[in-house]
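Residue numbers (this note's numbering): 1 to 316. Idealized CB from N, CA, C, for every residue including glycine.
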Amino acid sequence: MAKDSEKTLLDGSDRLQRIAFWYWEYMRRNPLYQRYCAVIEAYNEYFKGIGIYEFMQTREFLDEMTEYVSSHDDEEDLKYTPFRRRLEESHGKYASLKFFKYGFLSCGFENNFGRIYRHYSDGLDSDEALECLLHDGDVEFSTKNPADLSALLKLNGEWLLTVDEMAPDTFSFDYQRTGDIKINPQGVAKSPLKVGLEVQALNMINKAVESLFKKQTVEGEILQAVYKLCLEGKHINSSDVMRLAMVWLWDEAHATDGLTPAAFDDVYPLLKAKVEESGKTDGTWEQIMTRRKRIQGYYEMTDFCIKNCVIMSLNQ
Numbered sequence: 001m002a003k004d005s006e007k008t009l010l011d012g013s014d015r016l017q018r019i020a021f022w023y024w025e026y027m028r029r030n031p032l033y034q035r036y037c038a039v040i041e042a043y044n045e046y047f048k049g050i051g052i053y054e055f056m057q058t059r060e061f062l063d064e065m066t067e068y069v070s071s072h073d074d075e076e077d078l079k080y081t082p083f084r085r086r087l088e089e090s091h092g093k094y095a096s097l098k099f100f101k102y103g104f105l106s107c108g109f110e111n112n113f114g115r116i117y118r119h120y121s122d123g124l125d126s127d128e129a130l131e132c133l134l135h136d137g138d139v140e141f142s143t144k145n146p147a148d149l150s151a152l153l154k155l156n157g158e159w160l161l162t163v164d165e166m167a168p169d170t171f172s173f174d175y176q177r178t179g180d181i182k183i184n185p186q187g188v189a190k191s192p193l194k195v196g197l198e199v200q201a202l203n204m205i206n207k208a209v210e211s212l213f214k215k216q217t218v219e220g221e222i223l224q225a226v227y228k229l230c231l232e233g234k235h236i237n238s239s240d241v242m243r244l245a246m247v248w249l250w251d252e253a254h255a256t257d258g259l260t261p262a263a264f265d266d267v268y269p270l271l272k273a274k275v276e277e278s279g280k281t282d283g284t285w286e287q288i289m290t291r292r293k294r295i296q297g298y299y300e301m302t303d304f305c306i307k308n309c310v311i312m313s314l315n316q
């Protein structure tokens, strides 16, 4: 729980959970992410219509696909999986082709966002949260969702470990079934400790995928390892309250359906009015009321994070 007046020392796990929270809030506002969601949901509706969607959400389906892909290399074999062949027999070539295209869509989603699918509508209501803080309430700016935590692994950069000759991603969750995990020897010589952190990162990916079927607890050592791997030493931390205020401004500016958002000078007075009405006069609230140029810089950095699916300190 967080209030603007709280000043607490956070360990790596706490920082990871807070940064993962805001990373998701920025990503779900990204226009490309929202377009992907629209297309994915259209495919999902089609699969529901022919009665196969529920099975595609099961562990049985995932195990079948994972087992087959991990044991076949031929392009034609991978193109026509047993499930696709059964689908074509029962629902025709159109359904078969839709499933094939759905696979490409899933790969595109993974390449762009590096996370387990979550619809963009699932997240913080910035207006409700801001009202809560302005009236001395508590708001949780943290997540324990393994899917949100593992999404931060996209920030790792270059991996020393490869799974089937590729950098680890969501598709490499079942690493115990994989017989080809390699370590870059040059990287080990330069960063021997990083290998151990990346092994824990594989555990995080596994937890994230398993959370689709059963509630998962991510152990503290995994959280600490992922923090050290992806975030330690990076200047990312900013006030949760200021991040919320800037997200609120962004949401206000993009509240209409038009392609052109409202200008900062149009929405900034709305935020000042809300703060002034609440009587808040210290800390972050004082900055909002008196530091227009600084707040505009924070807003521009928020817009940058959303457009580029990154998370950075607002104070750049």
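In whole angstroms, what is the alpha-carbon distance linking residue i and residue j?
i    : j    : result
D136 : S126 : 15 Å
E232 : T290 : 32 Å
E221 : W24  : 22 Å
P185 : E128 : 51 Å
S150 : I52  : 28 Å
S239 : F21  : 13 Å
S96  : K234 : 46 Å
E54  : K214 : 16 Å
H119 : D73  : 32 Å
L155 : G12  : 16 Å
L223 : A147 : 13 Å
D122 : K272 : 27 Å
M27  : S142 : 15 Å
R59  : G92  : 25 Å
P269 : E286 : 14 Å
I288 : M312 : 19 Å
L124 : K182 : 40 Å
I50  : M242 : 47 Å
Label residue i either buried or exposed according to how many other C-beta atoms from any shown protein chain fall within 10 Å of its C-beta, with 16 as the threshold for buried.
i    : result
R86  : exposed
A42  : exposed
S191 : exposed
D257 : exposed
T302 : buried
E165 : exposed
K101 : exposed
Have a look at the options and flag the residue whose alpha-carbon is nearest the alpha-carbon of residue i.
i    : options                  : result
L130 : Y36, N30, T260 and V247  : V247
V163 : D180, D74 and N44        : D180
T217 : K207, Q224, K93 and A225 : K207
K293 : E64, S121, L161 and L314 : L314
G196 : T170, D138 and Y227      : Y227
G157 : S90, G114 and D14        : G114
Could you tell me how far apart the beta carbons of residue i and residue j are, in whole angstroms, since I believe they sit closer than 8 Å?
i    : j    : result
Q296 : F264 : 5 Å
A201 : L153 : 6 Å
G187 : L160 : 4 Å
T81  : Y68  : 5 Å
I205 : P168 : 6 Å
E198 : L229 : 7 Å
L259 : Y299 : Actually they are not in contact, since the Cβ atoms of L259 and Y299 sit about 19 Å apart, beyond 8 Å.
Just to confirm before moving on: does the CB-CB distance between residue i and residue j stay below 8 Å?
i    : j    : result
I19  : I236 : yes
V267 : E277 : no
Y309 : N30  : Before going further, note that residue 309 is Cys rather than Tyr in the sequence given. Cβ atoms of C309 and N30: closer than 8 Å.
K274 : L134 : yes
M65  : F83  : yes
Y117 : F104 : no
T281 : A245 : no
Q323 : K144 : The structure shown does not extend to residue 323, since the chain is modelled only from 1 to 316, so the question has no answer here.
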